[in-house]
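S.K.:
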Amino acid sequence: MNYPEKINNYTKSLIQKHGFPISYQVKKQDSENNLTDSSFKKGSIDPTFEEKYHVFSNIIHKFNGRILVFFTNQCFCHCRFCFRRNRDFFTQQTPGKILTNLKNYTMENPDIDEIILSGGDLFSLELKTLRKILKELGKFKQILRFHSRVLSFSPSSLTDEIISDLSQIKSSWFVTHFNHPSELSPASLKKIRKLRKAGIPLLNQTVLLKNLNDDAIVLKKLFLTLYKIGIKPYYLHQLDTAFGTEAFNVDEGIGKSIMEFLLKELPGGAVPRYVKDVEGNLHKTILV
Ligand code: SF4
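Under our numbering, the residues of the sequence shown are numbered 508 to 795, in order.
Okay, here's the thing in structure tokens:
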């Protein structure tokens with residue numbers, strides 16, 4: 508499968524400073540084309556079974572009360588472990604068309620409480636387009652949940668104007684994605700302080716990755732730091748079985764023992780839920 512390397516200049520500078528914990532997440536590895544575990548073969552293209560839940564090309568309605576919306580399939584960098592790395596099952600549409608579909612669909616389905624802006628990374632869009640989208644999204648009555656790696660890969664893209672736009676939205680959550688403490692650079696910390704000052708509540712999700720954070724001490728440091736700076740660790744994800752990501756997989760037993768350690772060592776608010784996607788379950792399956 509063709510999933511080219513993409514590393515922006517900011518991330519290259521982080522690699523120069525920290526080396527492995529950053530490069531491992533974004534540098535293409537020879538091992539990506541090896542396939543030994545049958546579960547990775549089975550789930551390879553669409554490991555979270557999203558394709559059958561498309562209600563429009565760019566809108567997925569998989570879980571009750573929540574929908575996922577994609578305004579772009581582009582990201583700042585290509586995470587090598589990304590579960591959507593092999594997907595091309597939505598065609599790019601204009602933001603106007605996506606917003607119209609979103610408006611119509613949420614009107615027809617009043618039980619939808621939350622709209623999740625998922626990756627591709629909305630915040631990688633050109634500033635003018637992004638600001639227009641945020642303005643229109645602010646008119647929706649649903650809770651908006653923004654998932655982004657902008658603070659890991661391009662903190663300068665989160666400008667004061669965008670933070671101000673986000674602060675105008677009545678009900679929103681911003682979900683960061685930090686996998687290792689070295690991603691918390693001075694530039695990203697500065698933006699986190701600004702988001703907090705603007706009153707935007709922050710959550711973090713982390714993917715459990717072999718040789719990076721399958722280590723209780725590393726995750727303790729990450730979650731405690733996040734908690735201290737005002738980001739609630741929310742999910743620790745078991746890796747989804749996308750083709751090319753098998754080398755990152757951590758045995759669930761190891762994940763569970765790390766969680767046991769974290770439960771003993773960390774304040775309750777700093778401990779995320781350890782979850783995975785299971786076919787047929789219409790919610791995340793909680794492992795711990
Ligand atoms: S930022 Fe998210 S969607 Fe984009 S490549 Fe990384 S994990 Fe995948």
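Using N, Cα and C, we set each Cβ at its ideal position, and we do this for glycine too.
Count the other CB atoms, across all protein chains shown, that sit within 10 Å of the CB of residue 774; report buried if there are 16 or more and exposed otherwise.
M.R.: Residue 774 sits at position 267 when you count from the first residue of the sequence shown. Residue 774 comes out exposed.
S.K.: Express the C-alpha separation of residue 757 and residue 794 in angstroms, rounding to a whole number.
M.R.: Your numbering for residue 794 matches position 287 in the sequence shown. Your numbering for residue 757 matches position 250 in the sequence shown. Taking the straight line joining both Cα atoms gives about 14 Å.
S.K.: One question on the structure: do residue 665 and residue 717 come within less than 7 Å of each other, judged by their Cβ atoms?
M.R.: Stepping through the sequence shown from its first residue, residue 665 is reached at position 158. Stepping through the sequence shown from its first residue, residue 717 is reached at position 210. No, the Cβ-Cβ distance between residue 665 and residue 717 is not below 7 Å.
S.K.: Whose C-alpha, out of 600, 582 and 599, is nearest the C-alpha of residue 632?
M.R.: For the purposes of this step, residue 632 is identified with residue 125 of the sequence shown, where counting begins at 1. The shortest Cα separation from residue 632 among 600, 582 and 599 belongs to 582.
S.K.: What residue range is occupied by the uninterrupted beta strand (DSSP E) comprising residue 679?
M.R.: Position 172 of the sequence shown, counting from 1, holds the residue named residue 679. Start and end: 679-684.
S.K.: From residue 708 to residue 753, what distance separates their C-alpha atoms?
M.R.: The residue labelled residue 708 in the question sits at position 201 within the sequence shown. The residue labelled residue 753 in the question sits at position 246 within the sequence shown. Cα-Cα distance, rounded: 33 Å.
S.K.: Looking at residue 729 and residue 695, is the spacing between their C-beta atoms short of 7 Å?
M.R.: Start at 1 with the first residue of the sequence shown, and residue 695 comes out as number 188. Start at 1 with the first residue of the sequence shown, and residue 729 comes out as number 222. Against a cut-off of 7 Å, the Cβ pair of residue 729 and residue 695 comes out as no contact.
S.K.: Here's the rule: buried if 16 or more other CB atoms are within 10 angstroms of the residue's CB, otherwise exposed. What is residue 618?
M.R.: Residue 618 sits at position 111 when you count from the first residue of the sequence shown. Answer is exposed; the Cβ neighbour count stays below 16.
S.K.: Which residues does DSSP pair with residue 578 in a beta bridge?
M.R.: Residue numbering aside, residue 578 sits at position 71 when the sequence shown is read from its first letter. None, per the DSSP bridge assignment.
S.K.: Express the C-alpha separation of residue 764 and residue 651 in angstroms, rounding to a whole number.
M.R.: Against the sequence shown, residue 651 aligns to sequence position 144. Against the sequence shown, residue 764 aligns to sequence position 257. Cα-Cα distance, rounded: 34 Å.
S.K.: Could you check how far apart the C-beta atoms of residue 585 and residue 517 are, in whole angstroms? I think they sit under 8 Å.
M.R.: Here the question's residue 585 lines up with position 78 in the sequence shown. Here the question's residue 517 lines up with position 10 in the sequence shown. Not quite, the Cβ-Cβ distance comes to about 14 Å (not below 8 Å), so this is no contact.
S.K.: For residue 656, is the beta carbon positioned less than 6 Å from some heavy atom of ligand 1?
M.R.: Taking the sequence shown and counting its residues from 1, one reaches residue 656 at position 149. Yes - ligand 1 has a heavy atom lying nearer than 6 Å to the Cβ of residue 656.
S.K.: Looking only at its own chain, which residues have a Cβ that is under 8 Å from the Cβ of residue 640, when we skip the five neighbours before and after it?
M.R.: As a working mapping, residue 640 is identified with position 133 in the sequence shown. Excluding sequence neighbours, residue 640 sits near 578, 602, 606, 629 and 632.
S.K.: Comparing the CB of residue 525 with every heavy atom of ligand 1, is any distance shorter than 6 Å?
M.R.: If you number the sequence shown from 1, residue 525 lands on position 18. Outside the cutoff, so no.
S.K.: So within the region 606-654, which uninterrupted beta strand (DSSP E) runs reach at least 3 residues, ignoring any that extend past its ends?
M.R.: Qualifying beta strand (DSSP E) stretches, in chain order: 621-624 and 650-654.
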